[in-house]
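In the numbering used here, the protein residues as written are 1 to 295.
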């Protein structure tokens, strides 16, 4: 019984770490820009395939492949702002949220199909992984699960430091709270938006590597993490980063236990039931404000 319980907890923590990494990138963009980036899933997939290409086709070391995934995600996020978000903000701010959501849906579909045409639809094995396990108090813990949790914790610490201790982070938080006031105080809002999408893209690239290391590479790789990340954001309250992380781990543990008790097919419906309940009783989310300011 202890072995089964520990396996469920390890699976829940690992899944929660992956959800948290995907959720933070999505929530960061919404909280700062009021933008729901529907291309986030494609950025996850891009990161996984870039790491695969660098380590397999080019034969470079694993750390280089990991770094390449981060850079590819960051570059894609930057281009998303320069080519899409900036133009939509400049042309029609009143309908920015709807326009950018539709635009990023199209970009995500195009990028996913470009990956499909380049690599094919067959699943591929991500070479960035850790085989084996170790024992802790008689409980076997796979190295891969530990690697994912450690990477996510490090990235969460880096994001917390950037947002809380740097000038860039203060500018991001000021812009999220009140865009007009931030501009009057001399904050370059357009640069802040660019930085936010670059950071979100980098996190998506890392998440894509971690997710594909647990499953396999395929063009729709990012769709499930993106959907789960959106659920976590809604439950926590859109734009609330600490709440999003808490919701990611909490709901992942719930999903893991439900799947063990009732079967795998009941995991996702349970998450949907939680979302419906939260929207009925707490429309702003468990950790959200009564009113959400839209930029």
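C-beta atoms are modelled at their ideal positions from N, C-alpha and C, and glycine is treated no differently.
Since we're looking at a predicted model, the values are computed, not measured.
Check, Outcome
"What do you reckon, are the CB atoms on residue 21 and residue 206 nearer than 8 Å?", "yes"
"Nearest-angstrom Cα distance between residue 223 and residue 217?", "12 Å"
"Got a sec: is the Cβ-Cβ distance from residue 282 to anything in chain B below 8 Å?", "Absent from the structure is chain B; it holds one protein chain and no more."
"Within the present structure, is the beta-carbon of residue 170 separated from the nearest heavy atom of the ligand NAP by less than 7 Å?", "This structure lacks the ligand NAP; in fact it carries no ligand of any kind."
"Name the residue from 13, 41, 51 and 165 whose alpha carbon lies nearest to the alpha carbon of residue 254.", "13"
"Determine the direct distance from the alpha carbon of residue 74 to that of residue 173, and round the result to whole angstroms.", "20 Å"
"For residue 226, count neighbouring Cβ atoms within 10 angstroms of its own Cβ and tell me buried if that reaches 16, exposed if not.", "buried"
"Under three-state DSSP, which class holds residue 200?", "helix"
"Please report the Cβ distance between residue 201 and residue 77, rounded to the nearest whole angstrom; I am assuming they are in contact, meaning their Cβ atoms lie under 8 Å.", "2 Å"
"Is it the case that the stretch 125-132 contacts the stretch 38-58, given that we only count it when at least three CB pairs across the two stretches are under 8 Å?", "yes"
"If distances are taken between C-alpha atoms only, which option among 109, 25 and 221 comes closest to residue 159?", "25"
"Please look up how many angstroms separate the CB atoms of residue 43 and residue 204, rounded, as I've assumed it's under 8 Å.", "4 Å"
"Given residue 6, which residues of its chain have a CB within under 6 Å of its CB, disregarding the five upstream and five downstream residues?", "139"
"Which residues bound the alpha helix (DSSP H) around residue 136?", "Note, residue 136: premise wrong, no alpha helix (DSSP H); beta strand (DSSP E) at 133-136."
"What does a CB cutoff of less than 6 Å around residue 270 pick up in its chain, not counting 5 residues either side in sequence?", "258"
"Inspect the CB distances between the stretch 27-40 and the stretch 276-284 and report whether three or more fall short of 8 Å.", "no"
"For the stretch 61-121, which segments carrying the alpha helix (DSSP H) assignment without a break, of at least 4 residues, lie completely within its bounds, in sequence order?", "62-80, 86-91 and 96-119"
"Give me whichever residues DSSP pairs with residue 44 in a beta bridge.", "Answer by DSSP bridge pairing: none, since residue 44 is not bridged."
"Report the partner residues of residue 142 according to the DSSP bridge assignment.", "133"
"Sorted by chain position, which residues of the same chain lie with C-beta nearer than 8 Å to residue 47's C-beta, five sequence neighbours on each side aside?", "69, 70, 72, 73, 204, 205, 206, 207, 208 and 209"
"Taking only the alpha-carbon atoms, compute the straight-line gap between residue 134 and residue 110 and give it to the nearest angstrom.", "42 Å"
"Measure the alpha-carbon distance for residue 143 versus residue 194 and round it to whole angstroms.", "36 Å"
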